[in-house]
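In my numbering, the protein residues as written are 298 to 548.
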């Protein structure tokens, strides 16, 4: 933002109280800013280091114009990708005097950069980035260190989201497995109760049959006993009849 740019231009000249408490850069007007810097640097050169020049706004260009109008001797050092620099507001108005060009980072240097950043926050190696991911990040960033770090941050966020989704998916699978286990257990328990009821029913049926058989056996034995008793009584009656007949015949 413009306020941030004003702050960056003023910051080297501020004491700790001004940086943290009074914060004059929040109320500083552009015309006052140019006079303020001129007063601070006098006839000494004012060196501006600009990174990512394509982010400079029209308001930013106006500030640099006011600095020139205030007769401030400026040396501007711009760092950025060549194509982005050409598209930036500085691309048409500045001459490249240094002609200092750096090649982009290789995948190995990209891995080394990420390793240092990861170690700085307590990590180890390049985890969670493997060789293939590092190579893709390097290619997409065209070796630009800042862009590499931005893409790496985005990738970490995506990996974190994917990991969370994986955890959620695993939890859902665990829940489904638990529910399935409960359903299976309930089904097995129900089947066991059915089998127990069938077993009890079968036992009762067998007991009923044995009881019926026992009663039938008792009935048969009783009939045999009665039949034998009747036969015995018949024999006794026959003997009495025979005896009576004998007596009658004798008389």
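C-beta: ideal position from N, C-alpha, C; glycine also. A quick note: this is a predicted structure, and the numbers were derived from the prediction, not measured.
- Taking a contact as a CB-CB distance under 8 Å, the pair residue 423 and residue 408 counts as one, their CB atoms being some 5 Å apart.
- Sixteen is the threshold: when 16 or more other Cβ atoms of the shown chains lie within 10 Å of the Cβ of residue 307, as they do, the residue is buried.
- With respect to residue 440, residue 401 sits close: the two C-beta atoms are nearer than 8 Å.
- In the DSSP assignment, residue 431 falls within the alpha helix (DSSP H) that extends over 428-438.
- For residue 406, the uninterrupted alpha helix (DSSP H) run begins and ends at 404-417, by DSSP.
- Taking C-beta atoms as the reference points, residue 434 and residue 456 fail to come closer than 8 Å.
- For residue 346, the enclosing beta strand (DSSP E) has its first and last residue at 343-348.
- The region 346-355 and the region 316-324 do not touch, with fewer than three beta-carbon pairs separated by less than 8 Å.
- DSSP places residue 376 inside the beta strand (DSSP E), whose first and last residues are 371-376.
- In the DSSP assignment, residue 357 falls within the alpha helix (DSSP H) that extends over 355-366.
- In the three-state DSSP reduction, residue 513 falls in the helix class (H, G or I).
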